[in-house]
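Working notes, structure below.
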């Protein structure tokens, strides 16, 4: 029974690590994953980790007391003997032999399933295990042992405890660590509500909570020295105080420094993202106003065109006997017909954008083909319609402008297919596409201003639960936007 309980402690410890790690990386924020698949992925990682912790002890996280020889790690001991490097050095080498592949497996899984960058997940996992190692290996066990046995964990008392006592002690250590984390998580959630989930403030609170741990350890050292516990157990805690001062505090300060730098970088990124979002919103507003004014002008031109056509027809009837008048009027009619190149797609904003971009393409020598039916777009805001079509065509035109020798073309199609409205644009190109993960990197010098075209398209599409898919090869780029129809 006690051996089964010991296995449960191993599992509970690993689950605790992944619970803390998953909360830290907030993996559900950036990826769409079903509940069933999420549970499957987490169980797979827990199972792999449990096996490696049990057989190799791949990292120094608290999985039970090291004071009892519970079981032999046969596989690890075999590898140590095989390497013939000495016991201590051999254990270190074997541990890293499995640590590195395990970390690679973890970051690949979190990249594929949760769309978290490999560097971010590796860094946060290492930091999580280091924090838990300090708290669960040193701080909590020593405080708990003092309260439980009225003695130091460095004393000979540890040799007198049974396996059952150690099991309950180890379980209590992990449970307390879990409850402390839940308490801190609860504080963060309350603060999130108070600051309307402003991530900059949340990062600041995380920095504060990390430093609270250091303050707690310092206060505990003071209590040992002058408080009630120090008065009763002072002689027993000398070695514990030395350990906290020499090992725990420096390590905690170093970890907090690294995490503070990381969170400051994250705060800067959040501020940059917010500035980009504000800029994008301003551009959308200006774009909407521009195309709205064009729409009004277009209506006036159409009315004038209609009236002029009638006037010319009347004049033509009055001057049937004049060959020169009739020829002049026919020329005017032809010019009017040629100027009326506005193709009706079913949406006035789309009509204006297509004709405006067509003029640019003619000027730049770009073959521009369109097959657009926009009658189904009545559920979308004009700002989003203009944003999607304008940015798609602007990006295509910019790519064609970079072609010095070669075919320049843009093919744009937009239509309803089943329950989706599909926008497909293909354009020729010669420039190389640069990507950082799922993000496209602009070639322009001012990447802060100009690097928001694709993101702006994605923002408008996602407002209607749509998706943006981009594909490319050496000489062309294809972008497909799928928007569900209400």
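In the UniProt record's numbering, the protein residues as written are 1 to 486.
Just so it is clear, CB atoms sit at the ideal spot from N, CA and C, and this is done for glycine as well.
Everything numeric in this text was worked out from a predicted model, so none of it was measured.
For residue 416, the enclosing beta strand (DSSP E) stretches over residues 409-417. By the Cβ criterion, the stretch 264-272 is in contact with the stretch 194-204, since at least three pairs of Cβ atoms, one from each stretch, lie closer than 8 Å.
Of the candidates 400, 405 and 453, the residue whose Cα lies closest to the Cα of residue 429 is 400. Distances from the alpha-carbon of residue 454 to those of 478, 404 and 77 put 478 closest. In the DSSP assignment, residue 428 falls outside any alpha helix (DSSP H) and lies within the beta strand (DSSP E) extending over 420-428. In the same chain as residue 149, and ignoring 5 residues on each side of it, the C-beta atoms closer than 6 Å to its own belong to 157, in chain order. Here the alpha carbon of residue 261 sits roughly 12 Å from the alpha carbon of residue 204. The beta-bridge partner set that DSSP reports for residue 370 consists of 412.
In this model, residue 385 and residue 8 are separated by some 56 Å (Cα to Cα). The DSSP assignment places 118-134 and 140-149 as complete runs of the alpha helix (DSSP H) inside the stretch 102-158, in order along the chain (cut-off: 4 residues). Residue 173 sits close to residue 144, with the two beta carbons spaced by under 8 Å. Per the coordinates, the alpha-carbon of residue 418 lies some 11 Å from the alpha-carbon of residue 482. Every unbroken stretch of the alpha helix (DSSP H) spanning 4 or more residues and falling wholly within the stretch 15-57 is given here in chain order: 35-55.
Around the beta carbon of residue 35, fewer than 16 other beta carbons sit within 10 angstroms, so the residue counts as exposed. Taking C-beta atoms under 8 Å as the contact rule, residue 82 and residue 56 fail to qualify, at a distance of about 14 Å. By the CB criterion at 8 Å, residue 259 and residue 210 fall inside the cutoff. Cβ contact annotation for residue 255 (same chain, cutoff 7 Å, sequence separation greater than five): 127, 130 and 131, in chain order. Take the alpha-carbon of residue 168 and the one of residue 49: they are about 23 Å apart.
Residue burial is scored here from C-beta neighbours: residue 141 has at least 16 other C-beta atoms within 10 angstroms and is therefore classed as buried. Here residue 252 is actually not in contact with residue 207; their C-beta atoms are around 13 Å apart, not less than 8 Å.
In this structure the stretch 345-362 does not touch the stretch 460-476; the number of beta carbon pairs closer than 8 Å is below three. Comparing alpha-carbon positions, the option among 409, 109 and 376 lying closest to residue 42 turns out to be 109. About 6 Å separates the Cβ atoms of residue 468 and residue 457, confirming a contact at the 8 Å cut-off. Residue 100 and residue 194 have their C-alpha atoms roughly 41 Å apart. Distances from the CA of residue 377 to each of 422, 393, 160 and 368 were compared; the closest alpha carbon is that of 422.
With fewer than 16 other Cβ atoms inside 10 Å of its own Cβ, residue 379 counts as exposed. Within a 10 Å sphere around the beta-carbon of residue 104 sit fewer than 16 other beta-carbons, which makes this residue exposed.
Secondary structure at residue 471: strand, using DSSP grouped into helix, strand and coil.
Cβ contact annotation for residue 181 (same chain, cutoff 6 Å, sequence separation greater than five): 20, in chain order.
Less than 8 Å separates the beta-carbon of residue 248 from that of residue 134. Counting only the Cα atoms, residue 2 lies some 22 Å from residue 46. Counting only the Cα atoms, residue 96 lies some 54 Å from residue 412. With 16 or more other CB atoms across the displayed protein chains lying within 10 angstroms of its CB, residue 408 is buried. By the CB criterion at 8 Å, residue 431 and residue 476 fall outside the cutoff.
When the alpha-carbon of residue 427 is set against those of 370, 387 and 111, the nearest one is in 370.
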